[in-house]
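S.K.: Be aware that the sequence shown starts at 383, since it is given in the numbering used here, and climbs by one per residue.
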Amino acid sequence: MSASMLQRTIYVYFKAPYQDSAAVMQAAQLQLAEMAAEYSLSGRLQCRQELLAVDSLQTWLEIYEHVPANLDGALFKQANKALQKLISGERHVEVFVTTP
Numbered sequence: 383m384s385a386s387m388l389q390r391t392i393y394v395y396f397k398a399p400y401q402d403s404a405a406v407m408q409a410a411q412l413q414l415a416e417m418a419a420e421y422s423l424s425g426r427l428q429c430r431q432e433l434l435a436v437d438s439l440q441t442w443l444e445i446y447e448h449v450p451a452n453l454d455g456a457l458f459k460q461a462n463k464a465l466q467k468l469i470s471g472e473r474h475v476e477v478f479v480t481t482p
């Protein structure tokens, strides 16, 4: 199977302050909407469920499935301005392919 025919799923994870969860969710949903509008990608958002102190960092995950091979994984490191202001550290991108 050629690389262009493999099903790609891209996972983008990042951390943000727990106390900003509502703002992070809103900004991340906007990020998903922007990716859908610009690249026709369907994405979803998840966060790690854990008991956290108010001053802790929470892990968030954007998942994009069926990503075309012509979209570079580096594209996903970028965040919209609203989300970028809330993130602590960098966005990490992992690209997985479905095995034949």
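Backbone N, C-alpha and C define an ideal beta-carbon position, used for all residues, glycine too.
Which runs of the alpha helix (DSSP H) spanning at least 4 residues fall entirely within the segment 389-418, listed in chain order?
M.R.: Whole alpha helix (DSSP H) segments, 4+ residues: zero.
S.K.: Where does Gln559 sit, in a helix, a strand or coil, going by DSSP?
M.R.: Here the chain comprises residues numbered 383 to 482, so residue 559 is not present and cannot be evaluated.
S.K.: Where does Glu420 fall in DSSP's three states?
M.R.: Counted from its first residue, the sequence shown places residue 420 at position 38. DSSP, read as helix, strand or coil, puts Glu420 in helix.
S.K.: Going by DSSP, name the residue or residues bridged to Leu433.
M.R.: In the sequence shown, residue 433 corresponds to position 51, counting from 1. For Leu433, which the question treats as bridged, DSSP gives no partner whatsoever.
S.K.: So, at 8 Å on beta carbons, what are the nonlocal neighbours of Glu472 in its own chain, with the 5 sequence-adjacent residues on each side left out?
M.R.: Within the sequence shown, residue 472 is the residue found at index 90, counting from 1. Cβ within range, chain order: Phe396 and Lys459.
S.K.: Thinking C-alpha only, which one of Asp402, Pro450 and Gln466 is nearest Val479?
M.R.: In the sequence shown, counting from the first residue as 1, residue 479 sits at position 97. Comparing Cα-Cα distances from Val479 to each of Asp402, Pro450 and Gln466, the minimum goes to Pro450.
S.K.: Would you give the residue range spanned by the beta strand (DSSP E) that Gln440 belongs to?
M.R.: Sequence index remark: in the sequence shown, residue 440 carries index 58 (1-based). Leu439 to Glu447 is the extent of the beta strand (DSSP E) around Gln440.
S.K.: Alpha carbon to alpha carbon, how far is Ser470 from Gln440?
M.R.: Against the sequence shown, residue 470 aligns to sequence position 88. Against the sequence shown, residue 440 aligns to sequence position 58. Looking at the backbone, the Cα of Ser470 and that of Gln440 are separated by about 10 Å.
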